[in-house]
Each structure stands twice: as structure tokens, then as C-alpha cells.
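Peer 1: Going by the numbering used here, the first residue of the sequence shown is number 372, and it counts up by one from there.
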Amino acid sequence: MVAAANIMYNPFNIFFKYLGHGQIHDTYLVGTNSPNDTDVSTSQLIFKLGQHIYDTPDPNLPSDLDLLRNANAYNVYVSGNGDSKGGAAHGKGYPLHAQSRGSFIGRTSHATHEIRHSLGLNHTWDGFRYPYNPVPNVLTEGCERVPRDSSNPNFNVANHGDRILDTAAAPNFQVERWYELFWSQFEAPFLEGDATFDDFEDAQSYATANYDPIADAYLYAQNCTYTGTNKDCNRLDNYQLYSQDINNLMAYTKDCTEFVLTTGQAIRMRETIALDCESAMTPALNTLGVASLYEPYKGEYYVNGTVPVDINGDPNPPLLQPGFDYNFIDCDCFAEVDCDLPLDYENTDFTYNEQIGTFISKNDTHYGNITHPNHTAIKIIQLDNSQPWRCYDNYNRKPNGGTIIKFNDNVLNTNVTITPQDSTAINNENLINNLQPGLYNIIEQYDDGNTEEKVIEKTGNQKYINLSGIAKGLLLVKIETNDGMVVKKIIKI
Ligand SMILES: [Zn+2]
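Rendered as C-alpha cells:
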């Protein structure tokens, strides 16, 4: 979920850092509703939590709840009740969000949708009620008209709908057809003024029986274009909907929801955070600012001696936030500088070579791989593409073994000869000198299970097709893997 939130919000300079999670078992929080009673369970959860945190402490809540909640964080809750289709947010300006049964894992649209609510966004269909309101020019409260030009007399965007100019007036795509059917039955008695409750119920039954609850009636599923001819609540203008309206996460569609955020929505969210009308956002802001994102959320750097482990005795490498594009760039600390631990952010006492590095994509879901390799500095593309920071250049650690892979055809393919190396062999300072000419991958194995690899082309008198014409020295090579593009180090000697 942190990855999903970062991928979605980073383009607008909103960044998330994971601070931990926990679990709680308590029926008072979510009630004992049937598993499908989504609305009740999520509403209960968010209502009780909101009351407890922002209004009056609730003694009925489990005592460990407050331990679970981080008052200096944006807290997201997932309830065990309800199905995966619903969610609830506490309201604008409160860093508290709940989601019904589901998961924090992956790019769950519900979590990011609910976060948007608490960051100040309404549904793009806000105010949509009766597309077939039979009385022209009678607006339902808040209903947004189509015109986007402020000189148009029907322009009412500023204080209707979601109150954002660049999200078009839109119907709720999921129920638009339902309302259309409803009004096809109810319009006549309504206009004649003799509508009964039975008429109302009959029209509802008719609509429910004849609309398709699975698909959006007026979205052409192939490319998610709007095919409807319905008018807005003013009954003068047809909806004018484009991809960014249909795929907007604050729209309600069944099949077409992507992760679109408009500039207007981004500005509204940043305003909500900056203005902090409820004085609830500021405590959740990271006081260290972006420097914090160069610090691991978990794990420990190796300094010297034994390699750090977690409470289970497992390797505990420093892990950085998912959802960013990282370039871990080769760096060297100045001789007089101690970089057994990474330098502080904005300390420039190191050199680096942009041409050598390891790239990790924001879409990489192997979160355990997003660690800070030794002898590299961290470049986070979304934060600062101008240079890397925090050089970690630790020479206290020696590999305990490794492997030399020789590429027999002198290209990076699978025709290889593999020679294991014990600890004496891999630490031999003449290891590379002793190699015959050729292309090699040298893999160093460390106590904590980590490996470091470098691809080396040793030329001697021979010339190799793949790298000929390239100057000697440090180079990089890009290799396509299943996980995306990997940039490997090459030392041509
Ligand atoms: Zn919503």
C-alpha cells in the first residue's frame, strides 16, 4: 500500500514513508455483522476510531488500540468485516482512513481512493442524483453542470459537485442506468402529481430488475469511452467525458478505474495538507522532510564485526520505501571521511560515478530487495535526480565465499562455466589479475546471505565484440531480467 500510494501521489510531491503496522482483534470495533455487510462494518470502524481519536476517548475500545495507532503518522485501517468493495474515510483533513475487508498489499484502489477523501477530494460525481430529473432547471443540491467556461451562465463548478474545475460534471457510472430506468417508470406519476409510495417502489423494483449491476451501462469496455447520451442535472447539456474523467479514481466505475489524478485534484490535496483546517494533518507530516526518505524504514546497516540480524536471527538489511525509482550509484568517500555508515543527507564528502549503478523500479514488488548496497549512494529519482546522497562505503566486511561465472562466448548469455570460490580465494587480492582474458561475473557472498556482483571484461590482447571500442575503466551494462532492467557494473581492464 505504501508503494501504491507513492506511485500515485509522488508526481504531486506527496510522499509516504512506512512506519509499521499491527493487528487487533475486537468485535466492538467492527461489530459482528455478516461478512458482506460492508457499509455497516467499515462505517462502524471509522466512526468509532474517529470519535475515539478526535472527540471523546471510548473506554470500550481495546486498550492496545492506542499503542497500535501512531499519532504522528497517517493511519490506515483494514477491517476484517465486509467484502472488498467498500471503504470509508474519516473526513477531509483527518489522517485516518479505513478500508473494508481487503489487504494493504498491492495497488489496491480502495486504499488510495479513501486516502484521497481524507486529503480533501470528493467523488467526481458528487451531487449526481437524478440524471432524468423530469423538472428542467431544478437542480439537486450541489449538482454540477457541464460547462467549464466561467463566462457561461450555467457554469457552477466553483461551488457544486466536487468543486474542482478540471474534473468534468459526471454521473455515477455504476448506477446511471438504474436511475434512467427508475425515472422511465416514475416520471409520469411524478409529473402528474399523483405519485404514490407504491409507484415509487414499483419503479425501484423495475430499475433493479432491469439494470446490470455487474457492468457500467454506458462505458464502452474496450477502451473505456463514454457512450451515454444523458444530460446533467440541469437537463440542458450532455455529459462531456474524457479518459481522465472515466478513469479517475474518484469516479465510480466497475471496470475502467485506473489511477488518474488531475492537476486540480492534486492542488486540492496539497491545500488540504498545507491548510490543515482540522489541525490533524500536521502531526502526520514527517519533520525531517525528504531527508527521511533516504533513511531506511526498517533494518540496520552493517558497521563492523558480525552482520546485524533481527529478533529471529534473520538478516536485517536496511530497507527503503517502495514506490520510488532508485539508482544506487557507485560512490567513494574521501580518504579522511568515515563512511562505515552512510553519510548524512546533504553531506557531499564523497565522489560518485553516475555511469555505474543498480536501478530499482518503483514498480518492483520485491520489497526486500530495496536495500542500500555497500559502496553506493542513493539517488531517488522522484526526489532529487540531480545527484545521489548518503554514500555508504564500508570496507569492514569481507565475503565468505563466492562464485566466478565465465561467459564462454564473451557475451552475457547462458553458456557459462561456474567456479565456486572459498573465502580465501574470493578475498585474494590477485583474483582479477589471475583471471584469463574473458568476460566474467564475480559474485561475492556475505554472511547475511547478501551477494554483490560485478561483471568484468578482461581483455589481454584479445578484442571482444560486445565491448570493443569502449574505453577501459568502469562501465555499466544494462541487462533485461524478469524484474525489469538491471544495471550491472563492468570493470574493463
Ligand atoms: Zn469514495
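Don't be surprised by glycine CBs; every beta carbon is placed ideally from N, CA and C.
Please list the terminal residues of the continuous beta strand (DSSP E) segment that includes I395.
Peer 2: Residue numbering aside, residue 395 sits at position 24 when the sequence shown is read from its first letter. From DSSP, I395 is part of no beta strand (DSSP E); its letter is neither H nor E.
Peer 1: Could you give the first and the last residue of the continuous alpha helix (DSSP H) run that contains Y549?
Peer 2: Taking the first residue of the sequence shown as position 1, residue 549 is located at position 178. Before going on, a small fix: residue 549 reads as Trp here, not Tyr. That run of the alpha helix (DSSP H) goes E547 to E563.
Peer 1: Check Q816 in the structure and name its three-state DSSP category.
Peer 2: The sequence position of residue 816 within the sequence shown is 445, counting from 1. Looking at Q816 - three-state DSSP - the assignment turns out to be strand.
Peer 1: Just to check my reading of the structure: R516 and N527 have Cβ atoms closer than 8 Å, yes? What is that Cβ distance to the nearest angstrom?
Peer 2: Counted from its first residue, the sequence shown places residue 516 at position 145. Counted from its first residue, the sequence shown places residue 527 at position 156. So it is a contact: roughly 5 Å between Cβ atoms.
Peer 1: Taking only the alpha-carbon atoms, compute the straight-line gap between G933 and Y425 and give it to the nearest angstrom.
Peer 2: Nothing about residue 933 can be reported from this structure: the residues present for the chain run from 372 to 864 only.
Peer 1: Applying the criterion that 16 or more other CB atoms from any shown protein chain within 10 Å of the CB defines a buried residue, is V449 buried or exposed?
Peer 2: Residue 449 sits at position 78 when you count from the first residue of the sequence shown. With 16 or more other Cβ atoms within 10 Å, it is buried.
Peer 1: In this structure, does DSSP put I417 in helix, strand or coil?
Peer 2: Position 46 of the sequence shown holds residue 417. Here I417 sits in helix by DSSP.
Peer 1: Check this for me: beta carbons of K388 and S663, under 9 Å apart or not?
Peer 2: Stepping through the sequence shown from its first residue, residue 388 is reached at position 17. Stepping through the sequence shown from its first residue, residue 663 is reached at position 292. Yes. Within cutoff.
Peer 1: At a cut-off of 8 Å, would you count E485 as near ligand 1, judging by its Cβ distance to the nearest heavy atom?
Peer 2: In the sequence shown, counting from the first residue as 1, residue 485 sits at position 114. Yes - ligand 1 has a heavy atom lying nearer than 8 Å to the Cβ of E485.
Peer 1: Within 10 Å of its beta-carbon, does V373 have 16 or more other beta-carbons around it, so buried, or fewer, so exposed?
Peer 2: Here residue 373 refers to the residue found at position 2 of the sequence shown. Under this definition V373 is a buried residue.
Peer 1: Which class does N619 belong to by DSSP, given the choice of helix, strand or coil?
Peer 2: Within the sequence shown, the letter at position 248 stands for residue 619. Strand at N619.
Peer 1: Buried or exposed for E717, going by 16 or more other Cβ atoms inside 10 Å?
Peer 2: In the sequence shown, counting from the first residue as 1, residue 717 sits at position 346. The residue is exposed, with fewer than 16 neighbouring Cβ atoms inside 10 Å.
Peer 1: Beta carbon of A655, beta carbon of P428: below 9 Å?
Peer 2: As a working mapping, residue 655 is identified with position 284 in the sequence shown. As a working mapping, residue 428 is identified with position 57 in the sequence shown. Not closer than 9 Å, so no.
Peer 1: Sorted by chain position, which residues of the same chain lie with C-beta nearer than 6 Å to D533's C-beta, five sequence neighbours on each side aside?
Peer 2: For the purposes of this step, residue 533 is taken as residue 162 along the sequence shown, with counting starting at 1. Counting only Cβ-Cβ distances below 6 Å, and skipping sequence neighbours, we find N493, T495 and D497.
Peer 1: Three or more C-beta pairs closer than 8 Å, one from the region 796-810 and one from the region 775-782: is that the case here?
Peer 2: Yes: the two stretches touch, three or more of their Cβ pairs being nearer than 8 Å.
Peer 1: State the beta-bridge partners of K669 as determined by DSSP.
Peer 2: Here residue 669 corresponds to residue number 298 of the sequence shown, with the count starting at 1. L690, per the DSSP bridge assignment.
Peer 1: In the DSSP assignment, find the beta strand (DSSP E) that holds E572 and state where it starts and stops.
Peer 2: As a position in the sequence shown, residue 572 is number 201, starting the count at 1. Segment F568 to N581 is the alpha helix (DSSP H) holding E572; no beta strand (DSSP E) there.
Peer 1: Count the other C-beta atoms from every protein chain shown that fall within 10 angstroms of the C-beta of L562, then say buried if there are 16 or more, exposed otherwise.
Peer 2: Residue numbering aside, residue 562 sits at position 191 when the sequence shown is read from its first letter. L562 is exposed by the Cβ-count criterion.
Peer 1: Verify whether the separation of the beta carbon atoms of F544 and A592 is less than 9 Å.
Peer 2: In the sequence shown, residue 544 corresponds to position 173, counting from 1. In the sequence shown, residue 592 corresponds to position 221, counting from 1. Cβ distance not < 9 Å, so F544 and A592 don't count as in contact.
Peer 1: To the nearest angstrom, how far is the alpha carbon of A539 from that of Q615?
Peer 2: On the sequence shown, residue 539 is found 168 positions in, with the first residue counted as 1. On the sequence shown, residue 615 is found 244 positions in, with the first residue counted as 1. Taking the straight line from one Cα to the other gives about 9 Å.
Peer 1: How would you write the range of the alpha helix (DSSP H) that I644 sits in, first residue to last?
Peer 2: Translated into positions along the sequence shown, residue 644 becomes position 273. Start and end: T634 to L646.
Peer 1: List the residues that DSSP assigns as beta-bridge partners of N609.
Peer 2: Counted from its first residue, the sequence shown places residue 609 at position 238. BP columns for N609 point to K602.
Peer 1: On a CA-only basis, which of A444, N443 and L416 is nearest P433? Give me that one, please.
Peer 2: Taking the sequence shown and counting its residues from 1, the one referred to as residue 433 is at position 62. Ranking the options by Cα distance to P433, first place goes to L416.
Peer 1: Could you tell me whether any non-hydrogen atom of ligand 1 is closer than 8 Å to the CB of A375?
Peer 2: Indexing the sequence shown from 1 puts residue 375 at position 4. False, no ligand heavy atom lies under 8 Å from that Cβ.
Peer 1: Say the cut is 8 Å; is the CB of L599 nearer than that to a heavy atom of ligand 1?
Peer 2: Translated into the one-based positions of the sequence shown, residue 599 becomes position 228. The sequence as given places Gly at residue 599; Leu does not occur at that position. Flag unset: Cβ of G599 not near ligand 1.
Peer 1: Alpha carbons only, please: which of I385, A375 and M379 is nearest the one belonging to G660?
Peer 2: Translated into positions along the sequence shown, residue 660 becomes position 289. Of I385, A375 and M379, the residue nearest in Cα terms is I385.
Peer 1: Report the partner residues of I700 according to the DSSP bridge assignment.
Peer 2: As a working note, residue 700 is residue 329 in the sequence shown. Answer is G728 and A748, bridged to I700.
Peer 1: Does DSSP classify P791 as helix, strand or coil?
Peer 2: Position 420 of the sequence shown holds residue 791. In this structure, P791 counts as strand in the three-state DSSP scheme.
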